[in-house]
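K.L.:
Pasting a structure below so you can have a look.
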Amino acid sequence: MSLIVEPPGWQRPQPTAKKAPVAMPRQTTARTKDNAPAGSSGKPTRKARAAAVKDLPSLQEAHQTKESGKERHLRAERTCTTYSGHVRQGREWLQNLVAASGSSNWHHEEHQKTYGNPNFKDALERTPNECSDSALALYLSWKGFDQKCSQSTIDGIRAGFKWWWDGV
82 MSLIVEPPGW QRPQPTAKKA PVAMPRQTTA RTKDNAPAGS SGKPTRKARA
132 AAVKDLPSLQ EAHQTKESGK ERHLRAERTC TTYSGHVRQG REWLQNLVAA
182 SGSSNWHHEE HQKTYGNPNF KDALERTPNE CSDSALALYL SWKGFDQKCS
232 QSTIDGIRAG FKWWWDGV
């Protein structure tokens, strides 16, 4: 007795024998019309050619090409423009701060040494001095906490001044 219930008129498919795999025909290349290796695209390939001695640059020309490439690609033009803007704004901020503060009396001796120093007004100029680190830290703090600039902007300003002072 069978427990499988099948609809009336339905017949179970009979198992069939598996077919043998069919071999794929080999491709031919356009250049040679010969059989290409299996799995290749069939496109002709270029042979590597050795540079002729007369085509090779001199050692000095090769060095010059390397140096001009480094100069051209070391800093992108837009990056330099952005850095210059950060430096210009920082220098203007310091000049305005010094002009507005004048020679204020500082309550702490540590602040008097830094902010009362006559070189403090020139701290963000082309050549850094002993007050440059304090002036830059003050500017970065003001931009971050007072002006609510993002961390990436603060990092960009710091990188701009590093770029500015590394060029001295």
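Heads up: the sequence shown begins at 82 in this note's numbering, then just goes up one per residue.
Ideal Cβ positions, reconstructed from N, Cα and C, are used throughout, including at glycine.
#1: Of the residues R156, D214, G225, which one's Cα is nearest the Cα of G248?
#2: Touch check for the region 167-177 and the region 209-227: three-plus C-beta pairs under 8 Å?
#3: Of the choices T195, V103, L175, K128, whose alpha-carbon is the least far from that of E211?
#4: In angstroms with no decimal places, state the Cα-to-Cα distance between K128 and L137.
#5: Report the option in S182, D214, R239 whose CA atom is closest to the CA atom of K224.
#6: Identify whether E206 lies in helix, strand or coil by the three-state DSSP scheme.
#7: Tell me where the alpha helix (DSSP H) around F242 begins and ends.
#8: C212 lies in the alpha helix (DSSP H); which residues open and close that run?
#9: Compare the beta carbon distance of K202 and Q176 with 9 Å and say whether it is the shorter of the two.
#10: From T146 to S139, what does the alpha carbon distance come to, in whole angstroms?
#11: Please determine, among R207, K229, Q228, the residue with the shortest C-alpha to C-alpha distance to S165.
#12: For the alpha helix (DSSP H) that R169 lies in, which residues bound it at each end?
#13: Let me know the secondary structure DSSP gives Q145 once reduced to three states.
#14: In terms of residue numbering, what span does the alpha helix (DSSP H) encompassing H192 cover?
P.N.:
Per the coordinate set shown:
#1: Within the sequence shown, numbered from 1, the residue matching residue 248 stands at position 167. With distances taken between Cα atoms, G248 lies closest to R156.
#2: Yes: at least three Cβ pairs fall under 8 Å.
#3: Stepping through the sequence shown from its first residue, residue 211 is reached at position 130. Out of T195, V103, L175, K128, T195 has the C-alpha closest to the C-alpha of E211.
#4: The count along the sequence shown starts at 1 and reaches residue 128 at position 47. The count along the sequence shown starts at 1 and reaches residue 137 at position 56. When rounded, the distance between both Cα atoms is 19 Å.
#5: The count along the sequence shown starts at 1 and reaches residue 224 at position 143. If we check each option's Cα against that of K224, R239 comes out closest.
#6: Walking along the sequence shown from the start, residue 206 turns up at place 125. Here E206 sits in coil by DSSP.
#7: Here the question's residue 242 lines up with position 161 in the sequence shown. F242 -> alpha helix (DSSP H) spans 232-247.
#8: Residue numbering aside, residue 212 sits at position 131 when the sequence shown is read from its first letter. For C212, there is no enclosing alpha helix (DSSP H), as DSSP marks it with neither H nor E.
#9: Residue numbering aside, residue 202 sits at position 121 when the sequence shown is read from its first letter. Residue numbering aside, residue 176 sits at position 95 when the sequence shown is read from its first letter. Taking 9 Å as the Cβ cut-off, K202 and Q176 qualify as a contacting pair.
#10: Residue 146 sits at position 65 when you count from the first residue of the sequence shown. Residue 139 sits at position 58 when you count from the first residue of the sequence shown. If I take the Cα positions, the gap works out to 11 Å.
#11: For the purposes of this step, residue 165 is taken as residue 84 along the sequence shown, with counting starting at 1. Checking every option, the nearest Cα to that of S165 belongs to R207.
#12: For the purposes of this step, residue 169 is identified with residue 88 of the sequence shown, where counting begins at 1. DSSP places R169 inside the alpha helix (DSSP H), whose first and last residues are 158-182.
#13: Your numbering for residue 145 matches position 64 in the sequence shown. Assigned with DSSP and collapsed to three states, Q145 falls in helix.
#14: Counting from 1 along the sequence shown, the entry for residue 192 is found at position 111. From DSSP, the alpha helix (DSSP H) with H192 extends over 190-196.
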